[in-house]
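Working notes, beginning with the structure itself.
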Amino acid sequence: MAAVWRFYRNHWKKLTFGGAAVAFLGRYLNNQYQENLVRREFCDRAQEYGKQPLHCMGQTRKVVVFLNPAACKGQARKKFEKNAVPLLHLAGLEVTIIETDYEGHAKALASFPETLQRTDAVVVAGGDGTIMEVVTGMLRRSDQFQTSKIPIGIIPLGRNNSLATSLFASRESEVRWIAESAMAVIKELTCPVDVMRIQPLQDENSKPVFATLGIRWGAFRDAEQNLDKYWYMGPLKQRFAYIKRLMKDWPSEVSAVLSYNVQPVETVRTKDPEPEPDTSWWAWLWPWRSTQKVIIEPEEDPNEAVMPDSWDTERRVSAVEFTASTTNTTTSKEKCIVVSSSPKLSREDFVNLGDLSASTKTPPQDVPGHDWSKVQVDAFQLEPQIPEGKESWFSIDNEPYEVMPIKVKILPNKLRFFCNKEERLASSQPL
504 MAAVWRFYRN
514 HWKKLTFGGA
524 AVAFLGRYLN
534 NQYQENLVRR
544 EFCDRAQEYG
554 KQPLHCMGQT
564 RKVVVFLNPA
574 ACKGQARKKF
584 EKNAVPLLHL
594 AGLEVTIIET
604 DYEGHAKALA
614 SFPETLQRTD
624 AVVVAGGDGT
634 IMEVVTGMLR
644 RSDQFQTSKI
654 PIGIIPLGRN
664 NSLATSLFAS
674 RESEVRWIAE
684 SAMAVIKELT
694 CPVDVMRIQP
704 LQDENSKPVF
714 ATLGIRWGAF
724 RDAEQNLDKY
734 WYMGPLKQRF
744 AYIKRLMKDW
754 PSEVSAVLSY
764 NVQPVETVRT
774 KDPEPEPDTS
784 WWAWLWPWRS
794 TQKVIIEPEE
804 DPNEAVMPDS
814 WDTERRVSAV
824 EFTASTTNTT
834 TSKEKCIVVS
844 SSPKLSREDF
854 VNLGDLSAST
864 KTPPQDVPGH
874 DWSKVQVDAF
884 QLEPQIPEGK
894 ESWFSIDNEP
904 YEVMPIKVKI
914 LPNKLRFFCN
924 KEERLASSQP
934 L
């Protein structure tokens, strides 16, 4: 025993370093082993779908994937190919992968007529910004009434994955989260998602932007945009970002003229479940019997996205933060835009609320204990009042846009997204 103690005393630095290295290596190998078990589990599930016989007159499902390789700090392609692609191929899907090269590339690609020809589904491998680009490209097309019927899947690989979090509530690990999102595409489980149509007013020829989350404008938004710059602060970077924003400009308030119409908003409408397909042996011998299903396509509403010309209410907004968000990430069944403006906040309240919002990943307007002004509308107009020479930015689905006068309208249930329906329903149940 004395010899062991003498050896440790003489070589304690080497032994401590070696022990830490062995512990780190053991933990790393264990994590890799657990992740491989998860991959094998989901590969077995996907293979069950791939083994199902294809109808004699059927075709394999064709999926177009928009992959943002720059997402996830440049690791998006590796994670997508390792955790999602094998599942899609094992399930028998015909996968076409389109990689984006620059910001806005996904928007341009999705607007090309040839991109979505004979496509059964669209998958976005990236974050909220990539999703917004693909949705905007799809809804700017002349045939948007048809392309909006194509279901959209999400492989959450971005820094911000707010919409994916609402579609896939369980997030035990990154590998399982990605695999669950790929399995939702395979299972063809979808849910309706609202879209905000944002029309700039400065130029009559400007094209609209379509968002699934909402708009943010103010000091909280500015501070959160700089969180990554203060990585060296470690766990204090969130609080430091808000203190830094305080030092830059305070009191910091955004001012605008807000016009809107208070109208009854649409609620969720459910439909009867579709009958199960006939899988009997005579249906395979006589396939025409199973294919004679009359589908009545809904007529396109030409007034769906028409902006109002007159407003019932007009008021001046002056607040630290202004937001306009959909209800896609909440359990609310109302189809509307929730317009919120912050109350008067002291310096201490601003830092504490921002720190709490960032640490709990809850929008500032939804943090309990603060009385934000909120109103539910189906359309509104915002005319910002910005001092000359001062820069100001919106965040639309967590992507920066220069502040300008805009008109916004909600398009209820405009798109359908693949989701883990069991988890989404479970998460929406009252506690």
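For the sequence shown, the working numbering gives the first residue as 504, with consecutive numbering after it.
Note that CB positions come from ideal geometry on N, CA and C, so glycine has one too.
Return helix, strand or coil for residue i, following the three-state DSSP convention.
{"i": "Q502", "result": "Limits of the chain in this structure are 504 at one end and 934 at the other, which puts residue 502 out of reach."}
{"i": "N689", "result": "The residue you asked about is not Asn; residue 689 is Ile in the sequence shown. Helix at I689."}
{"i": "D809", "result": "It should be noted that the sequence gives Val, not Asp, for residue 809. Coil, per DSSP."}
{"i": "Q884", "result": "strand"}
{"i": "T639", "result": "helix"}
{"i": "N923", "result": "coil"}
{"i": "P738", "result": "helix"}
{"i": "N901", "result": "coil"}
{"i": "D858", "result": "helix"}
{"i": "W814", "result": "coil"}
{"i": "D697", "result": "strand"}
{"i": "T607", "result": "It should be pointed out that residue 607 corresponds to Gly in this sequence rather than to Thr. Residue state, collapsed to three classes: coil."}
{"i": "I634", "result": "helix"}
{"i": "W680", "result": "helix"}
{"i": "N513", "result": "helix"}
{"i": "S762", "result": "strand"}
{"i": "G661", "result": "coil"}
{"i": "A505", "result": "helix"}
{"i": "W784", "result": "Low confidence applies here, because W784 scores a pLDDT of 49, under 50, leaving its location unreliable; read the following figure in that light. W784: helix per DSSP, three-state reduction."}
Anyone know if the C-beta pair for residue i and residue j falls short of 8 Å?
{"i": "V678", "j": "N831", "result": "no"}
{"i": "A714", "j": "A726", "result": "no"}
{"i": "A685", "j": "L590", "result": "yes"}
{"i": "E597", "j": "T650", "result": "no"}
{"i": "S862", "j": "R719", "result": "no"}
{"i": "S843", "j": "W875", "result": "yes"}
{"i": "C575", "j": "F920", "result": "no"}
{"i": "F583", "j": "I634", "result": "no"}
{"i": "H873", "j": "P846", "result": "yes"}
{"i": "A485", "j": "V820", "result": "The structure shown has nothing for residue 485, since the chain only spans 504 to 934."}
{"i": "A667", "j": "F545", "result": "no"}
{"i": "K610", "j": "G640", "result": "yes"}
{"i": "V765", "j": "T816", "result": "yes"}
{"i": "V698", "j": "L914", "result": "yes"}
{"i": "E905", "j": "P867", "result": "no"}
{"i": "P908", "j": "S895", "result": "no"}
{"i": "A822", "j": "I840", "result": "no"}
{"i": "N663", "j": "N923", "result": "no"}
{"i": "Q702", "j": "K910", "result": "yes"}
{"i": "V588", "j": "S676", "result": "no"}
{"i": "V854", "j": "L749", "result": "yes"}
{"i": "G656", "j": "G632", "result": "no"}
Have a look at the DSSP bridge pairing and note the partners of residue i.
{"i": "R748", "result": "In the DSSP output, where bridge partners are listed per residue, R748 has none listed."}
{"i": "A822", "result": "V757"}
{"i": "I840", "result": "V880"}
{"i": "S828", "result": "G717 and V841"}
{"i": "W896", "result": "E905"}
{"i": "L914", "result": "V698"}
{"i": "I655", "result": "V625 and F920"}
{"i": "V525", "result": "Paired residues: none, contrary to the question."}
{"i": "P846", "result": "Answer is none; P846 lacks a bridge partner."}
{"i": "P703", "result": "I909"}
Would residue i pass as an interface residue toward chain B - the criterion being a Cβ-Cβ separation below 8 Å?
{"i": "I913", "result": "You won't find chain B in this structure, because it holds only one protein chain."}
Contact between the region 706-715 and the region 681-691 (3+ Cβ pairs under 8 Å): no
Every unbroken alpha helix (DSSP H) inside the region 529-605 [4 residues or more]: 574-577, 579-586 and 588-593
Given 8 Å, three or more beta-carbon pairs between the region 613-629 and the region 557-570: yes
contact_flag[the region 882-894, the region 599-619] where n(CB pairs < 8 Å) is 3 or more: no
Stretch-stretch touch, CB-based, cutoff 8 Å, three pairs: the region 550-559 with the region 602-616: no
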